[in-house]
Amino acid sequence: MAYREHYESFTAAEVANTSAVTWATQSSLTFTPASGADYIVFWSVELTNDTTATRDIKCRVWDGTTALAAFNMEPRDANNYYPLAQNFFKLTGAGASVSLELQIQCETAGDDCKARNGAFTVIRLGANDRYAENL
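Residue 60 is where the sequence shown starts when you use our numbering, and the numbers rise one by one after that.
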């Protein structure tokens, strides 16, 4: 089997954020995709809100200018981490370096929102790979 171009990072460290304005980065990955080549970016993270189970934790994959993926998660209860199933999106390379950051923010200022075990895996699609999405 031929080598498949790929990149990966994993950060186990916990990051906390109490702000509803600024974002805190839990993990990151920098790589240079080939111009015109398609890549699938897989990412996952564990989240919790230690303050309450009734307010969301915001999460996004940020490239420095754009949120490439974003969502809110309301935990089932406080003080327990909840893993998110691995999520993914397609990225087309432009031949320039790409820096991805997995970031969190609180829905309500003062909440103790936390993230850990953030991971990125990026795989270049080959000629025999198929990708379809419905937005």
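Where a beta carbon is used, it is the ideal one built from N, C-alpha and C, also for glycine. Every value quoted in this text rests on a predicted model; they were computed, and no experiment measured them.
| Query | Result |
| --- | --- |
| Rounded Cβ spacing between residue 96 and residue 152 (contact assumed at less than 8 Å) | 5 Å |
| The stretch 74-81 touching the stretch 127-138, judged by at least three CB pairs closer than 8 Å | no |
| Limits of the beta strand (DSSP E) - the one that residue 121 falls within | 116-121 |
| 8 Å Cβ cutoff met for residue 147 and residue 101 | yes |
| Assigned exposure category for residue 108 - 16 Cβ within 10 Å defines buried | buried |
| Identity of the residues DSSP links to residue 157 by a beta bridge | 90 |
| Nonlocal neighbours in the same chain, by C-beta distance under 7 Å from residue 70, ignoring five residues either side | 85, 86, 177 |
| For residue 112, the nearest candidate out of 150, 141, 126, 66 (CA to CA) | 141 |
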